[in-house]
DNA sequence: GGCTAAATGCAACATTATTACAATTAGCTC
DNA sequence: GAGCTAATTGTAATAATGTTGCATTTAGCC
């Protein structure tokens, strides 16, 4: 919910401004990754105007607080749907409808770490997106 | 080797042009991800000029033939160092020296597919990068 | 209501990416 | 090796995306 994000913002000493609420509103509604200009466009159709610089800055903030993620493959932004404490976050991206599903799995994470360790590599973060078909689109 | 890539290009009916050789040469030498303009700059210091449009097009082609990869984390391009038949490709990216190590592992791939399957997701591709410290930099 | 730091808007600019079309060239044939 | 042609590259113009410094506005406090 948008309300939760606002609360977290404020708890960290950030203000609950109109532009921030608007951006969170859009990210909360739309499941597909959105670019800053996408967000601007969507708000525009609703008669609300935000400067693109503002949107860039808000998205930076949201990402730094783990309230949003920047998708690596597309560069678009999505609202974070997991608790920050759940471990390394990954994504399933449906090639058909574009919907994102976020998940976390500690076991898989550990296996990957072990795998890398065999090569002498010391892993700090996992960047991982699976692309394919979500259950809905697969049935069709 | 660059020579191998050229052979693959030609086998697929593409011409072995001077610009393509130059781009492959740079990607073959430098281990870190390079943007199109990086490549242009490097060539420039060597007294060779390529138009950026050409470089964009060449990189598209190389990626479509799996002779290069676009890195998720940086958006930069690296030369592919594995055989295309080896399965899904992943990367270890050293945060310190920036070096990329590419690898493939069918078991890990299968586990990830199974994991996604539990959510009803049908995986087609894995995009995966580990960031951390390579063996060299970890020792320091 | 008034104050102040934080946040936004604005303008200008920098960087990165794309398009349409003209010029060039690799690889073929003779 | 000269000539041909489709493929490729270069050019120029433009679009899209991202950044910076500074003036203006506003949320949250008293």
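Residue numbers (my numbering), protein chains in the order written: chain A, -17 to 122; chain B, -17 to 122. Glycine residues also receive a C-beta, built at the ideal position from the N, C-alpha and C atoms.
Query raised in the report: In chain B, which residues lie less than 7 Å from residue 108 of chain A when you measure between Cβ atoms?
Result: 112
Query raised in the report: Mapping DSSP to helix, strand and coil, what is residue 98 of chain B?
Result: helix
Query raised in the report: Taking DSSP as the reference, what is the three-state secondary structure of residue 110 of chain B?
Result: strand
Query raised in the report: Just how far apart, CA to CA, sit residue 71 of chain B and residue -16 of chain A?
Result: 37 Å
Query raised in the report: Are three or more beta carbon pairs between the stretch 84 to 103 of chain A and the stretch 0 to 14 of chain B nearer than 8 Å?
Result: no
Query raised in the report: Can a CB atom of chain A be found closer than 9 Å to the CB of residue 41 of chain B?
Result: no
**Report entry** CB contact below 9 Å: residue 64 of chain A versus chain B
**Finding:** no
Report task. Consult DSSP for residue 121 of chain B and reduce its assignment to one of helix, strand or coil. Result -> helix
Requested in this report: Measure the beta-carbon distance from residue 93 of chain B to residue 93 of chain A and round it to whole angstroms, keeping in mind my assumption that it falls under 8 Å.
Outcome: 7 Å
Query raised in the report: Is it the case that the Cβ atoms of residue 46 of chain A and residue 10 of chain A are separated by a distance below 9 Å?
Result: no
Query - Touch test, the stretch 41 to 59 of chain A against the stretch 16 to 24 of chain A, Cβ-Cβ under 8 Å, three pairs minimum - result: yes
Query raised in the report: Do you know how far the Cα of residue 28 of chain A is from the Cα of residue 21 of chain B?
Result: 43 Å
Query raised in the report: Smallest Cα separation from residue -7 of chain B: which of B/49, B/97 and B/38?
Result: B/49
Query raised in the report: Can you check whether the CB of residue 54 of chain B is closer than 9 Å to the CB of residue 109 of chain A?
Result: yes
Report task. On a CA-only basis, which of B/-11, B/0 and B/12 is nearest residue 82 of chain B? Give me that one, please. Result -> B/12
Query raised in the report: Nearest CA to the CA of residue 96 of chain A: which residue from B/106, B/97 and B/74?
Result: B/74
Query - Spatial neighbours of residue 34 of chain B in its chain, beta-carbon cut-off 7 Å, leaving aside the 5 residues before and after - result: 18, 19 and 22
Query raised in the report: So, helix, strand or coil for residue 51 of chain A, using DSSP?
Result: strand
Query raised in the report: Can you tell me the Cα-Cα spacing of residue 116 of chain B and residue 51 of chain B, whole angstroms?
Result: 20 Å
Requested in this report: Could you check the C-alpha separation between residue 1 of chain B and residue -11 of chain A for me, to the nearest Å?
Outcome: 54 Å
Query raised in the report: So which residues on chain B does residue 102 of chain A lean against when the C-beta distance must stay under 8 Å?
Result: 116, 117 and 120
Query raised in the report: Alpha carbon to alpha carbon, how far is residue -3 of chain A from residue 41 of chain A?
Result: 14 Å
**Report entry** Contact set between residue 85 of chain A and chain B, taken where Cβ atoms lie within less than 8 Å
**Finding:** 101
Query raised in the report: Are any of the Cβ atoms in chain A nearer than 9 Å to that of residue 46 of chain B?
Result: no
Query raised in the report: Between the stretch 4 to 18 of chain B and chain A, which residues of the former have CB atoms less than 7 Å from a CB of the latter, in chain order?
Result: none
Query raised in the report: DSSP on residue 26 of chain B, reduced to helix/strand/coil?
Result: helix
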